[in-house]
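Protein chains in written order, with our numbering: chain A, 1 to 302; chain B, 303 to 604.
2 protein chains.
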Amino acid sequence: MSVAELGFWTDGAAKSAILRFVDRAVADVAPEERVAVFDNDGTLWCEKPAYIQLDFLIRRLAQMAREDSALTAKPAFRAALEENLAWFGDAVTRHYQGDDSQLEELAGAVLSANAAISVDEHATRVKAFFEQTTHPTLGRPYTACGYAPMIELLRYLEAHGFTNYIASGGGRDFMRPVTGAMYGIPPERVIGSSVGLVYRDGTLVTTAQPEFFDDGPVKPVRIWGRTGRRPIFAAGNSNGDIEMLQFTDSGPQPSLSLLVRHDDADREFDYTAGAEKALGLADTSGWTVASMRNDWAQVFCE
Amino acid sequence: MSVAELGFWTDGAAKSAILRFVDRAVADVAPEERVAVFDNDGTLWCEKPAYIQLDFLIRRLAQMAREDSALTAKPAFRAALEENLAWFGDAVTRHYQGDDSQLEELAGAVLSANAAISVDEHATRVKAFFEQTTHPTLGRPYTACGYAPMIELLRYLEAHGFTNYIASGGGRDFMRPVTGAMYGIPPERVIGSSVGLVYRDGTLVTTAQPEFFDDGPVKPVRIWGRTGRRPIFAAGNSNGDIEMLQFTDSGPQPSLSLLVRHDDADREFDYTAGAEKALGLADTSGWTVASMRNDWAQVFCE
Numbered sequence: 001m002s003v004a005e006l007g008f009w010t011d012g013a014a015k016s017a018i019l020r021f022v023d024r025a026v027a028d029v030a031p032e033e034r035v036a037v038f039d040n041d042g043t044l045w046c047e048k049p050a051y052i053q054l055d056f057l058i059r060r061l062a063q064m065a066r067e068d069s070a071l072t073a074k075p076a077f078r079a080a081l082e083e084n085l086a087w088f089g090d091a092v093t094r095h096y097q098g099d100d101s102q103l104e105e106l107a108g109a110v111l112s113a114n115a116a117i118s119v120d121e122h123a124t125r126v127k128a129f130f131e132q133t134t135h136p137t138l139g140r141p142y143t144a145c146g147y148a149p150m151i152e153l154l155r156y157l158e159a160h161g162f163t164n165y166i167a168s169g170g171g172r173d174f175m176r177p178v179t180g181a182m183y184g185i186p187p188e189r190v191i192g193s194s195v196g197l198v199y200r201d202g203t204l205v206t207t208a209q210p211e212f213f214d215d216g217p218v219k220p221v222r223i224w225g226r227t228g229r230r231p232i233f234a235a236g237n238s239n240g241d242i243e244m245l246q247f248t249d250s251g252p253q254p255s256l257s258l259l260v261r262h263d264d265a266d267r268e269f270d271y272t273a274g275a276e277k278a279l280g281l282a283d284t285s286g287w288t289v290a291s292m293r294n295d296w297a298q299v300f301c302e
Numbered sequence: 303m304s305v306a307e308l309g310f311w312t313d314g315a316a317k318s319a320i321l322r323f324v325d326r327a328v329a330d331v332a333p334e335e336r337v338a339v340f341d342n343d344g345t346l347w348c349e350k351p352a353y354i355q356l357d358f359l360i361r362r363l364a365q366m367a368r369e370d371s372a373l374t375a376k377p378a379f380r381a382a383l384e385e386n387l388a389w390f391g392d393a394v395t396r397h398y399q400g401d402d403s404q405l406e407e408l409a410g411a412v413l414s415a416n417a418a419i420s421v422d423e424h425a426t427r428v429k430a431f432f433e434q435t436t437h438p439t440l441g442r443p444y445t446a447c448g449y450a451p452m453i454e455l456l457r458y459l460e461a462h463g464f465t466n467y468i469a470s471g472g473g474r475d476f477m478r479p480v481t482g483a484m485y486g487i488p489p490e491r492v493i494g495s496s497v498g499l500v501y502r503d504g505t506l507v508t509t510a511q512p513e514f515f516d517d518g519p520v521k522p523v524r525i526w527g528r529t530g531r532r533p534i535f536a537a538g539n540s541n542g543d544i545e546m547l548q549f550t551d552s553g554p555q556p557s558l559s560l561l562v563r564h565d566d567a568d569r570e571f572d573y574t575a576g577a578e579k580a581l582g583l584a585d586t587s588g589w590t591v592a593s594m595r596n597d598w599a600q601v602f603c604e
């Protein structure tokens with residue numbers, strides 16, 4: 001991987017903006033303040049046709065429904081049994097469009113799916129899923145669905161003294177078991193949504209109570225809670241990343257806010273649903289837009 | 303500072319246990335899993351005659367009461383105006399003894415004391431306090447009230463590949479502005495109690511809503527939330543540290559749980575209030591007890 005030259009990036013405005021920003025940061029920002037935050041779904045790894053975590057949860061819901069047929073009366077469990085992925089994807093898209101009714105139905109099922117187990121058992125389930133599951137249309141393991149240019153960018157920032165964090169709406173404890181191998185980001189630098197945990201007899205046990213939904217205006221709050229710093233670099237791809245991108249570019253230091261645009265039906269997917277407002281704001285806010293089709297020489301690692 | 307030999311520690315059981323544990327950890331535990339957590343009040347810095355943060359809050363409450371005399375009808379504001387430190391200390395001691403009534407009165411006042419300001423303004427207030435205030439009986443700046451043997455221990459653990467975190471019931475955003483200079487611990491490794499923050503127009507603003515009281519069984523939950531790891535070293539001094547010490551010594555790796563005992567009226571303070579249960583459990587749990595009088599050659603840095 002040609003980290004030194006961002007070889008997976010095509011020469012153009014996005015690559016130039018990144019290189020220029022990193023030069024300025026190295027010149028003007030103390031290393032401990034070179035904090036970079038990355039959304040995960042759609043920014044570091046593929047989020048279509050459905051979130052990877054939804055596939056994990058759907059398989060678990062289907063298993064629960066097979067073990068207890070009474071559950072099939074509930075739409076989320078029925079959709080899981082019928083492998084109706086669109087029902088799940090719709091719930092999240094509608095959330096970003098302002099309609100939360102289907103998301104609430106989904107959330108109840110999701111929160112019950114891995115409740116009342118230890119955090120170690122949860123990590124074991126996540127690892128087993130990633131070892132056994134491939135992407136439904138791309139035909140590659142989920143662990144190979146990270147974007148090569150973005151992983152290269154993580155290394156490039158690190159090589160210039162940055163510390164990278166994930167700040168995702170996805171589940172913190174769903175990402176942590178694989179972010180080290182996929183992105184070189186250790187668990188202590190993964191910020192995400194979470195369910196409540198309780199301490200019991202020397203271990204931590206999952207509950208079915210939501211703790212954080214790490215999205216929208218919650219992202220800057222959680223980034224501060226975890227780091228005590230304002231990032232100088234942020235990358236996202238959806239309306240849920242707007243406040244994180246704004247928080248990053250509102251500080252006194254040089255900063256770069258990067259928005260990934262999914263416009264490559266040949267190599268990945270082409271969609272703007274759930275990102276309409278963010279793409280509109282990019283123009284007026286001076287954010288850098290990375291077009292997957294035009295700015296990325298390669299999408300996935302070999 | 304003779305980090306290599308823990309020179310601020312007297313030869314004895316506590317020092318031997320630390321040296322033996324670190325040797326084992328270096329031999330048997332991967333560096334990224336060498337996570338150490340430290341309580342702050344009474345473990346890293348002096349907590350008597352009252353918590354340092356209480357002094358900060360009392361000064362702020364007194365200022366508010368001087369500006370609005372209606373506030374003097376409230377016990378906490380009246381105690382602040384009258385410099386009645388004992389009222390505040392009692393509230394916390396009673397909490398550890400199971401009576402929360404006075405703590406609730408205190409909490410309401412405390413939560414209002416720094417509400418509706420930006421996190422940057424909050425940090426400015428904290429820094430000003432530490433620059434201007436000395437300990438009421440020890441006659442040294444609060445910034446010099448850290449325990450020399452514990453700061454030496456932080457460096458010793460670091461020198462052996464450990465990553466140190468603070469996990470304190472004290473305020474996260476109260477500690478962060480000074481932990482770098484006092485302990486060499488950056489803000490991203492400070493875990494503590496917090497009030498809710500809201501994102502507004504590019505900045506984060508404090509609220510008067512409590513978020514976490516990072517104490518007792520909440521400590522292991524927050525340590526996991528922040529690090530995704532089970533520590534292998536923990537140091538505390540009160541009943542509020544019991545679950546953190548248990549969580550640390552319940553894992554599969556070599557571990558050390560250290561309890562600081564305040565038994566040195568000549569050089570610091572002599573008290574067990576709020577630590578009775580922890581000191582009792584130390585015997586039955588195999589925790590290492592560090593007697594300030596017997597195990598520390600020196601208490602404070604010069």
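No residue lacks a Cβ here, since even glycine has one placed at the ideal position from N, Cα and C.
- Secondary structure in the stretch 523-596 of chain B: the beta strand (DSSP E) runs of 3 residues or longer, each lying completely within the stretch, are 535-538, 558-563, 590-593 in chain order.
- B:L356 places its beta carbon 8 Å or farther from that of B:A415.
- Here A:Q298 has F8, A148 as same chain residues with Cβ atoms under 6 Å from its own Cβ, once five neighbours each way along the sequence are excluded.
- Against chain A, the CB of B:F549 has a partner CB under 8 Å away; the residue lies at that interface.
- Burial of A:P187 is indicated by the presence of at least 16 other C-beta atoms within 10 angstroms of its C-beta.
- In this structure, the beta-carbon distance from A:F88 to A:F174 does not fall below 8 Å.
- Relative to the Cα of A:V289, the nearest Cα in the group A:D270, A:D241, A:N237 belongs to A:N237.
- For B:E335, there is no enclosing beta strand (DSSP E), as DSSP marks it with neither H nor E.
- Taking CB atoms only, A:W224 has a neighbour in chain B less than 8 Å away.
- Per DSSP, A:S101 is one residue of the alpha helix (DSSP H) stretching across 101-113.
- Among the residues of the stretch 502-515 of chain B, those with a Cβ less than 7 Å away from any Cβ of chain A are G504, T505, L506, in the order of the chain.
- Note that the stretch 485-504 of chain B touches the stretch 216-234 of chain A; at least 3 beta-carbon pairs, one per stretch, sit closer than 8 Å.
- Buried is the label assigned to B:T529, since at least 16 other Cβ atoms lie within 10 Å of its Cβ.
- In the structure shown, A:V299 falls within a coil segment according to DSSP collapsed to helix, strand and coil.
- Ranking A:P177, A:G192, A:G139 by CA distance to the CA of A:R125 puts A:P177 first.
- Residues of chain B whose Cβ lies closer than 7 Å to the Cβ of A:V190 are, in chain order, G530.
- Scanning A:W296, A:L204, A:A80, A:E276 for the CA closest to the CA of A:D11 turns up A:W296.
- Judged by DSSP secondary structure, A:A50 falls outside any beta strand (DSSP E); it is assigned neither H nor E.
- By the beta-carbon neighbour count (other beta carbons within 10 angstroms, threshold 16), B:R368 is exposed.
- For A:R176, a Cβ of chain B is located within less than 8 Å of the residue's own Cβ.
- With a 10 Å radius around the Cβ and a threshold of 16 neighbouring Cβ atoms, A:R230 comes out buried.
- The alpha-carbon of B:T508 is positioned some 24 Å away from that of A:R172.
- Boundaries for B:A375: no beta strand (DSSP E) harbours it, and the DSSP string shows neither H nor E there.
- In this structure, DSSP gives B:P488 a state outside helix and strand, which the three-state scheme calls coil.
- A:K127 is classed as exposed because its beta carbon has fewer than 16 other beta carbons within 10 Å across all chains shown.
- Against A:S194, the close residues of chain B are G527, in the order they occur along the chain (beta-carbon pairs closer than 7 Å).
- Residues of the stretch 243-273 of chain A that bring their beta carbon within less than 7 Å of a beta carbon in chain B comprise E243, Q246, F247, S250, in sequence order.
- Excluding the 5 residues flanking it on each side, A:E158 has same chain C-beta neighbours closer than 8 Å at N164, G184, in chain order.
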